[in-house]
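In this note's numbering, the protein residues as written are 704 to 1099.
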């Protein structure tokens, strides 16, 4: 008989341990399954882990991106700069407010928006009838953008920044918002920690945090000092016990207590999981180095890193192959891969809305990128297995 097929290695996988299961089981027996005390506890713990003044938990990374835009009052007549190499949600949340998107190019090696690519986007004419009011740098793969440089340019132009930090859980300073109004994180299963689905938005602005909390629960207010209809709210100077008001439309972006129980358990192990990812990345770097120049890992800079994705840049033409063929060869060896991401400006919705355009950096990054298996449960031998299979897949 032949050798048994090794276990399949996906490009990413959640880390769920016995204490996570116990935490969720305990939450299921409590009085609150949603909108209870674990939400505030999770927010406090996340803020501490991210170095943030305030954290607002929600039910997805998309919600975490949408809430600060809503709270900042973004809407029709305005436009926001978004890098083209990102998940579609970064652009979609701008459109969900009625505002327009201006796509920025990225560094062809890192996939990141830079001060230069932001400056180039700002030099373009925004969609008719709009003005650019902000930008959303994306910490792609967990690499932090040059927020000091982007922040200086934004301040010069009178713009706000909201960080898409969905890949950056565990990167020191990613949530402190020193150069931005807010930073949005995702706790999807393949991220640094998971709540199944979920997101968290951090900010240094207490008023913005309060506004986001209202907006995640339909926009309702229950504080008597904020009521606009005293004739309905009070009787004999006392607040009617059932009373609430809707001063503006919000969304149902609440996250359940049971998921926050998982988040609290996961946060406790974040340093260990992050350190393991950093170790695996170092091992990949050593094993893939001999495949240069045809294959190179996305270079990681000196800034803190969330170590979310491990991306190889492959010159497929140099090896006489295609990305689809390499992915198929790796899959035959029980190795999963993925592409992060198709340039958003090429998506039919945005191409139809804003017309065709060329972003050379985004196109170059997309043409070469391939995300390799990368998650804390991987062994050192797993990394060696992937590197060897990658070499075989291109005939190097």
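Virtual Cβ for every residue (Gly too), placed ideally from N, Cα, C.
Proximity below 8 Å, CB of residue i to CB of residue j
| i | j | result |
| --- | --- | --- |
| residue 978 | residue 1000 | no |
| residue 1007 | residue 868 | no |
| residue 784 | residue 767 | no |
| residue 886 | residue 866 | yes |
| residue 994 | residue 1099 | yes |
| residue 955 | residue 921 | yes |
| residue 1093 | residue 1033 | yes |
| residue 809 | residue 835 | no |
| residue 909 | residue 717 | no |
| residue 1102 | residue 755 | Here the chain covers residues 704 to 1099 and nothing more, so residue 1102 does not appear. |
| residue 857 | residue 863 | yes |
| residue 1017 | residue 1073 | yes |
For residue j and residue i, the rounded distance between their alpha carbons
| i | j | result |
| --- | --- | --- |
| residue 704 | residue 1027 | For residue 704, the pLDDT reaches just 47, beneath the cut-off of 50, and the residue's location in the model is therefore unreliable, leaving the point undetermined. |
| residue 1013 | residue 845 | 9 Å |
| residue 799 | residue 889 | 18 Å |
| residue 711 | residue 728 | 29 Å |
| residue 879 | residue 753 | 7 Å |
| residue 916 | residue 1069 | 36 Å |
| residue 881 | residue 737 | 32 Å |
| residue 967 | residue 745 | 6 Å |
| residue 708 | residue 842 | 36 Å |
| residue 760 | residue 847 | 21 Å |
| residue 1024 | residue 839 | 35 Å |
| residue 933 | residue 951 | 17 Å |
| residue 774 | residue 930 | 19 Å |
| residue 898 | residue 735 | 17 Å |
Any C-beta of chain C under 8 Å from that of residue i
| i | result |
| --- | --- |
| residue 953 | The chain inventory of the structure shown lacks chain C, comprising one protein chain alone. |
Coarse secondary structure for residue i, derived from DSSP in three states
| i | result |
| --- | --- |
| residue 786 | strand |
| residue 1003 | coil |
| residue 1041 | strand |
| residue 991 | helix |
| residue 1087 | helix |
| residue 1078 | coil |
| residue 846 | strand |
| residue 1096 | helix |
| residue 793 | helix |
| residue 841 | strand |
| residue 819 | helix |
| residue 1016 | strand |
| residue 853 | helix |
| residue 893 | coil |
| residue 888 | strand |
| residue 1073 | strand |
| residue 1112 | Outside the shown range of the chain, which is 704 to 1099, sits residue 1112, and nothing can be said about it. |
| residue 708 | coil |
| residue 810 | coil |
Assess, as a yes-or-no matter, whether the stretch 782–797 is touched by the stretch 900–907 under the definition of 3 or more beta carbon pairs within less than 8 Å. The stretch 900–907 is not in contact with the stretch 782–797.
Beta strand (DSSP E) runs contained entirely in the stretch 715–780, provided each spans 3 or more residues: For the beta strand (DSSP E) assignment, the uninterrupted runs of no fewer than 3 residues enclosed by the stretch 715–780 are, from N- to C-terminal side, 757–761.
Every unbroken alpha helix (DSSP H) within the stretch 926–982, with a cutoff of 4 residues, ordered by chain: Whole alpha helix (DSSP H) segments, 4+ residues: 933–936.
At least three beta-carbon pairs within less than 8 Å, the stretch 1040–1054 to the stretch 873–889: Not touching, per the Cβ criterion.
Contact between the stretch 1080–1087 and the stretch 980–988: three or more CB pairs below 8 Å? In the pairwise beta carbon analysis, the stretch 1080–1087 is classified as touching the stretch 980–988: at least three pairs are separated by under 8 Å.
Quick check: the stretch 807–825 against the stretch 1073–1084, are there 3 or more CB pairs under 8 Å? Verdict: no, contact absent.
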